[in-house]
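Peer 1: If you read the protein sequences in the order shown, they are chains G and L. Take the first sequence: its letters are residues 1 to 409, numbered as in the working numbering. Take the second sequence: its letters are residues 410 to 710, numbered as in the working numbering.
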Amino acid sequence: MKTFSKLLTTAAFLTAGATHATELEVTHWWTSGGEAAAVTEFANAFNATGNTWIDGAIAGSGGTARPIIISRILGGDPMGATQLNHGRQAEELVEAGLMLDLTDIATEGDWANVVNPTSLLDACTLDGKIYCVPVNIHSWQWIWLSNKAYADAGVNTPTNWDEFVAAAPALEAAGKVPLAMGQQPWQSNGAFGVMAIAIGGQDLWNKINVDKDSDAAAGPEMAKVFEAAVTAREMAANSRVQDWNQATNMVITGEAGGQIMGDWAQGEFQIAGQTAGEEYECLPGLGVNEVISTGGDAFYFPKSDDPDITAAQKELAKLMISQEVQVAFNLKKGSLPVRGDIDLSSANDCMKKGLEILAAGNVMLSGDEVLSADTQGQIEDLMVEFWNDPSYSAADAQAAYAAIIADAD
Amino acid sequence: MATSSGTSKRPVRLLRNLNAKIASIPMVATALVIFIGCTAWTILYSFTDSKLLPRLNFVGFEQYDRLWGTRRWLVSIENLAWYGVCSLVLTLVIGFTLAALLDRKVRFENTFRTILLYPFALSFIVTGLVWQWILNPDFGVQQVVRNWGWEGFTFDPLYNPDIVIFGILIAGIWQGSGLIMVIMLAGLRGIDEDIWKAARVDGIPTWKTYVVVIIPMMRPVFVTALVLIASGIVKVYDLVVAQTSGGPGIASEVPAKYVYDKMFASQNLAQGFAASTMMLVSVIIILIPWAYLEFGGKKRG
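#1: In chain L, which residues lie less than 7 Å from G/Val-384 when you measure between Cβ atoms?
#2: L/Phe-529 and L/Leu-588: beta carbons closer than 8 Å?
#3: Give me the residue from G/Gly-190, G/Glu-92, G/Pro-158, G/Met-99 with the minimum Cα distance to G/Ser-139.
#4: According to DSSP, what are the bridge partners of G/Val-85?
#5: Which chain L residues sit within Cβ distance under 9 Å of G/Arg-66?
#6: Which of helix, strand or coil does DSSP assign to G/Val-177?
#7: Around the Cβ of G/Asn-334, are there at least 16 other Cβ atoms within 10 angstroms (buried) or fewer (exposed)?
#8: Taking the alpha carbon of L/Glu-518 as the point to measure from, which residue in L/Ala-607, L/Leu-594, L/Ile-579, L/Trp-540 has its own alpha carbon closest?
#9: Within its chain, find whatever has a CB closer than 8 Å to the CB of G/Asn-51; leave out the 5 residues flanking it on each side and keep chain order.
#10: Quick one: grab the DSSP three-state call for G/Ser-335.
#11: Which residue wins for smallest C-alpha separation from L/Pro-546, given the options L/Ile-572, L/Phe-564, L/Asn-556?
#12: Quick one: grab the DSSP three-state call for L/Glu-662.
#13: Suppose contacts are defined by Cβ-Cβ distances below 8 Å. Is L/Leu-485 in contact with L/Tyr-667 by that definition?
#14: So L/Pro-463 contacts chain B; which residues on that side make the cut at Cβ distance below 9 Å?
#15: Can you tell which of G/Ser-188, G/Ile-379, G/Ile-292 has the C-alpha that lies nearest to the C-alpha of G/Cys-350?
#16: Please identify, using Cβ separations under 9 Å, the residues of the region 567-591 of chain L that lie next to chain G, in order along the chain.
#17: Using only CA atoms, which one of L/Leu-423, L/Leu-462, L/Tyr-568 lies nearest to L/Gln-652?
#18: Which residues bound the beta strand (DSSP E) around G/Ser-146?
#19: So, does the region 194-202 of chain G touch the region 226-242 of chain G, judging by three or more C-beta pairs under 8 Å?
#20: Apart from the five residues on each side of it in sequence, which residues of its chain come closer than 8 Å, Cβ to Cβ, to G/Tyr-280?
#21: Could you round the C-beta distance between G/Tyr-150 and G/Thr-157 to whole angstroms and report it? I think they count as a contact, below 8 Å.
#22: Give the DSSP-derived three-state secondary structure of G/Leu-126 in the structure shown.
#23: Counting only C-beta atoms, is L/Arg-555 closer than 8 Å to chain G at any point?
#24: Relative to chain G, which residues along the region 465-480 of chain L have a C-beta separation below 9 Å, given in chain order?
#25: Grab the span of the alpha helix (DSSP H) containing L/Leu-635 for me, first residue to last.
#26: Based on the DSSP output, what are the partners of G/Ala-256 in its beta bridges?
#27: Which chain G residues are close to L/Lys-666, counting only those with a beta carbon under 9 Å from its beta carbon?
#28: Name the two residues that bound the continuous beta strand (DSSP E) containing G/Glu-25.
#29: Quick one: is L/Gly-561 buried, meaning 16 or more other Cβ sit within 10 Å of its Cβ, or exposed?
#30: For G/Ala-96, go through chain L and note every residue whose CB falls closer than 7 Å to its CB, in chain order.
#31: Would you mind telling me which residues of chain G sit closer than 7 Å to L/Asp-647, beta carbon to beta carbon, in chain order?
#32: If you measure beta-carbon to beta-carbon, which residues of the region 51-83 of chain G are closer than 8 Å to chain L?
#33: Which partner residues does L/Ala-608 have in the DSSP bridge list?
#34: With G/Tyr-280 as the anchor, note down where its beta strand (DSSP E) starts and where it stops.
#35: Return helix, strand or coil for L/Pro-625, following the three-state DSSP convention.
#36: Kindly indicate the opening and closing residues of the alpha helix (DSSP H) around G/Thr-231.
Encoded structure:
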């Protein structure tokens with residue numbers, strides 16, 4: 001009976017779709033193995049409604065893709081829908097009236113009550129109207145550890161940052177890289193952010209990033225974070241890969257002890273057929289401060305004059321946040337769902353840790369939500385230089401950092 | 410021109426050659442709007458606090474203050490200076506030497522010319538990637554030499570922050586010297602055979618004929634080559650992106666990349682405009698004395 005009704009609905013969708021099948025180009029930067037598998041879930045669900053998903057994947061990272069996406073929207077050649085990190089990246093595009101108002105379907109779907117945590121929806125809201133669909137929660141605050149690497153070196157897999165630092169010499173003696181780090185600017189910046197929260201604590205992070213308190217940024221608490229970053233820099237000295245997934249691969253193969261990376265790394269372990277708790281371990285908040293940030297990806301829909309496209313855009317928006325698609329997508333992606341009302345019993349150990357922290361309310365805002373792209377860019381420049389230049393002292397870097405925070409808008 | 414204007418029926422200067430003037434209006438308009446207009450617009454908005462979208466909210470020299478207080482910009486300028494001087498000198502020297510060698514009536518000149526000009530047909534991105542692989546310590550030159558048995562050989566310019574800009578320079582010269590060679594060769598072919606004969610009769614050695622007679626005669630060719638090389642230097646961007654993305658760290662950043670990153674990635678148009686205005690100013694500082702020497706001198710003489 002169930003299959004029969006499913007067939008019927010599919011048939012109904014197909015016939016409905018046949019009358020106005022609309023092609024929608026969707027741009028995103030999900031190109032690694034795990035990410036591509038996840039995005040296929042969206043595409044399949046959308047194609048099942050009779051519309052057509054034209055995949056507009058942009059290789060590279062968000063840093064490469066965002067300028068392309070934004071110039072297309074500004075240049076009058078908008079796509080049907082696009083990924084962006086919610087927060088301040090699209091602020092001005094929304095203010096300029098270039099984005100589709102989704103308030104009506106948000107009210108219809110009761111997003112205000114189903115989206116958890118509510119800060120996700122706040123980031124999509126401007127003057128009481130909703131302009132984007134949050135699709136997942138990504139948290140940066142994880143370190144991924146290779147059990148094989150530590151077994152080869154003859155030490156126990158660490159359970160917190162201090163043990164991780166202590167185990168580094170043993171790994172080096174075994175010819176392994178203690179900490180895998182890619183060279184892309186956002187990775188350097190992200191890893192530093194994670195250490196700031198884990199070592200400095202959440203209050204300090206809020207003072208600096210939310211209140212833009214430059215005294216706190218120059219203070220002794222933050223100095224500890226920079227000292228720890230110097231240690232991390234030494235541990236990562238022999239890591240010469242560029243992309244984040246190459247660095248993750250070093251952990252997968254046991255070439256490196258660990259990697260500080262967001263929970264999207266999980267998708268890579270999954271593709272490699274590894275299981276949390278067996279081949280690899282994950283420590284939220286570096287095992288010190290178990291807090292996760294709730295930034296993530298959201299989809300924006302540039303305004304269109306064509307009513308067919310608008311209808312298809314709204315259909316896609318509804319679909320992306322629907323329960324089934326949320327489950328299918330997030331399991332592949334390794335991210336947490338944006339709805340509090342779905343069952344993720346098939347999630348793996350690491351995702352469950354994340355869900356527990358989320359349920360306990362140990363959440364914080366993400367960098368994308370509190371800092372402008374400009375300030376983030378300045379911090380990225382600083383971090384790239386700091387991570388790559390062994391002669392750049394902690395004190396100098398901290399002074400430069402405090403100056404950026406003092407100027408932040 | 411001036412001599413014919415002494416007659417009683419002085420023609421209106423504006424209407425002389427009317428057809429030609431009408432025909433050049435589109436070009437003049439394009440030049441005014443695109444080059445002058447857009448430049449003025451950019452300079453104007455560099456004094457604002459424009460973020461993702463341009464807005465006229467003036468903040469004085471704030472963007473320039475920030476620009477010159479940014480380490481990345483200072484590193485970019487320093488890199489451009491090194492790259493610029495080395496690239497200018499080496500490209501000219503190598504281009505001219507190759508051209509002079511080809512001009513000695515060698516066999517298979519066509520083949521050599523094609524081979525040497527070929528890199529120029531590639532885009533900078535391709536050149537950059539190819540050299541990234543050649544200079545990669547694990548796959549490239551370093552590994553090849555080590556495999557020959559010279560274990561201690563180290564050659565990894567792209568991974569050494571102190572010399573990374575020279576790794577980029579190698580690729581830039583490989584790409585650029587072919588074109589300069591062809592231009593020089595054309596210049597050398599324009600030199601009258603009789604000059605060579607006269608020099609030989611006087612018993613002047615070949616190298617001295619080149620340095621003392623031929624090179625001064627090729628002045629216009631050198632100026633053309635200089636302008637081509639200089640414009641290539643100021644706009645160097647894709648080569649860096651393909652080879653190092655500005656790394657390691659910020660060691661191989663260049664001004665054009667700073668402009669792009671600030672305008673598009675950091676969503677700070679005004680900062681990018683300020684940087685591009687500085688690039689324009691530096692070009693003008695180099696260009697004005699040169700233009701004065703080149704054109705101002707001729708009138709007097």
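Glycine included, C-beta positions come from ideal geometry on N, C-alpha and C.
Peer 2: In terms of the structure at hand:
#1: For the purposes of this step, residue 384 of chain G is taken as the residue at position 384 of the first sequence. Chain L residues near G/Val-384: Gly-658, Ile-659.
#2: Numbered from its first residue, the second sequence carries residue 529 of chain L at position 120. Numbered from its first residue, the second sequence carries residue 588 of chain L at position 179. Yes, the pair counts as a contact, with Cβ atoms nearer than the cut-off.
#3: Here the question's residue 139 of chain G lines up with position 139 in the first sequence. When the alpha-carbon of G/Ser-139 is set against those of G/Gly-190, G/Glu-92, G/Pro-158, G/Met-99, the nearest one is in G/Gly-190.
#4: As a working mapping, residue 85 of chain G is identified with position 85 in the first sequence. The sequence given here has Asn at residue 85 of chain G, not Val. DSSP output for G/Asn-85 lists G/Asp-297 as bridge partner(s).
#5: Within the first sequence, numbered from 1, the residue matching residue 66 of chain G stands at position 66. Taking a Cβ-Cβ threshold of 9 Å, the residues of chain L close to G/Arg-66 are Phe-673, Ala-674, Gln-676, in chain order.
#6: Taking the first residue of the first sequence as position 1, residue 177 of chain G is located at position 177. Residue state, collapsed to three classes: strand.
#7: By 1-based counting over the first sequence, the position of residue 334 of chain G is 334. Here residue 334 of chain G turns out to be Gly, not Asn, going by the sequence shown. By the Cβ-count criterion, G/Gly-334 is buried, with 16 or more other Cβ atoms from all chains shown falling within 10 Å of its own Cβ.
#8: Position 109 of the second sequence, counted from the first residue, corresponds to residue 518 of chain L. Of the listed residues, the one whose Cα sits closest to L/Glu-518 is L/Leu-594.
#9: Here residue 51 of chain G is taken as the residue at index 51 of the first sequence, counted from 1. Same-chain partners within the cutoff: Gly-17, Ala-21, Thr-22, Glu-23, Leu-24, Ala-312, Glu-315, Leu-316.
#10: Taking the first sequence and counting its residues from 1, one reaches residue 335 of chain G at position 335. G/Ser-335: coil per DSSP, three-state reduction.
#11: Counted from its first residue, the second sequence places residue 546 of chain L at position 137. Across the set L/Ile-572, L/Phe-564, L/Asn-556, the C-alpha of L/Phe-564 shows the shortest separation from the C-alpha of L/Pro-546.
#12: As a working mapping, residue 662 of chain L is identified with position 253 in the second sequence. In this structure, L/Glu-662 counts as coil in the three-state DSSP scheme.
#13: The residue given as residue 485 of chain L occupies position 76 in the second sequence. The residue given as residue 667 of chain L occupies position 258 in the second sequence. The question names Leu, yet the displayed sequence has Ser at residue 485 of chain L. Against a cut-off of 8 Å, the Cβ pair of L/Tyr-667 and L/Ser-485 comes out as a contact.
#14: Judged by its chain identifiers, the structure shown contains no chain B, and its protein chains are G and L.
#15: In the first sequence, counting from the first residue as 1, residue 350 of chain G sits at position 350. If we check each option's Cα against that of G/Cys-350, G/Ile-292 comes out closest.
#16: Considering only beta carbons, the part of the region 567-591 of chain L lying closer than 9 Å to chain G consists of Tyr-568, Pro-570, in chain order.
#17: For the purposes of this step, residue 652 of chain L is identified with residue 243 of the second sequence, where counting begins at 1. Restricting attention to L/Leu-423, L/Leu-462, L/Tyr-568, the CA atom closest to the CA of L/Gln-652 is found in L/Tyr-568.
#18: The count along the first sequence starts at 1 and reaches residue 146 of chain G at position 146. Its beta strand (DSSP E) spans residues 142-146.
#19: Two segments are said to touch when three or more pairs of C-beta atoms, one from each, lie closer than 8 Å; by this definition the region 194-202 of chain G touches the region 226-242 of chain G.
#20: In the first sequence, counting from the first residue as 1, residue 280 of chain G sits at position 280. If the five residues before and after G/Tyr-280 are omitted, its C-beta is found closer than 8 Å to the C-beta atoms of Trp-144, Leu-145, Ser-146, Asn-147, Val-251, Ile-252, Phe-269, Gln-274, all from its own chain and listed in chain order.
#21: Taking the first residue of the first sequence as 1, we reach residue 150 of chain G at position 150. Taking the first residue of the first sequence as 1, we reach residue 157 of chain G at position 157. Their Cβ separation, rounded to whole angstroms, is 5 Å, which keeps G/Tyr-150 and G/Thr-157 in contact under 8 Å.
#22: The sequence position of residue 126 of chain G within the first sequence is 126, counting from 1. Note: G/Leu-126 maps to strand in three-state DSSP.
#23: Translated into positions along the second sequence, residue 555 of chain L becomes position 146. With a threshold of 8 Å between beta carbons, L/Arg-555 makes no contact with chain G.
#24: The residues in question are Arg-475, Gly-478, Thr-479, Arg-480.
#25: Counted from its first residue, the second sequence places residue 635 of chain L at position 226. Counting along the chain, the alpha helix (DSSP H) containing L/Leu-635 begins and ends at 628-643.
#26: Walking along the first sequence from the start, residue 256 of chain G turns up at place 256. DSSP links G/Ala-256 through a beta bridge to G/Val-177.
#27: Counted from its first residue, the second sequence places residue 666 of chain L at position 257. What L/Lys-666 touches in chain G: nothing, since even the nearest Cβ is about 11 Å away.
#28: Your numbering for residue 25 of chain G matches position 25 in the first sequence. Counting along the chain, the unbroken beta strand (DSSP E) around G/Glu-25 starts and ends at 23-28.
#29: If you number the second sequence from 1, residue 561 of chain L lands on position 152. Residue environment for L/Gly-561: exposed (fewer than 16 other C-beta atoms within 10 angstroms of its C-beta).
#30: Along the first sequence, one-based indexing puts residue 96 of chain G at 96. Neighbourhood of G/Ala-96 in chain L, by CB distance below 7 Å: Leu-462, in chain order.
#31: Numbered from 1 along the second sequence, position 238 holds the residue referred to as residue 647 of chain L. The contact set of L/Asp-647 on chain G, defined by CB atoms closer than 7 Å, is empty, because the minimum CB distance reaches about 14 Å.
#32: Taking 8 Å as the Cβ-Cβ cut-off against chain L, the residues of the region 51-83 of chain G that qualify are Gly-63, Arg-66, Pro-67, Ile-70, Ser-71, Leu-74.
#33: Here residue 608 of chain L refers to the residue found at position 199 of the second sequence. The partner list for L/Ala-608 (beta bridge, DSSP) is empty, contrary to what the question assumes.
#34: Position 280 of the first sequence, counted from the start, is the residue given in the question as residue 280 of chain G. G/Tyr-280 -> beta strand (DSSP E) spans 280-284.
#35: The residue given as residue 625 of chain L occupies position 216 in the second sequence. Of the three classes helix, strand and coil, the one that applies to L/Pro-625 here is helix, per DSSP.
#36: The count along the first sequence starts at 1 and reaches residue 231 of chain G at position 231. Unbroken alpha helix (DSSP H) run through G/Thr-231: 220-235.
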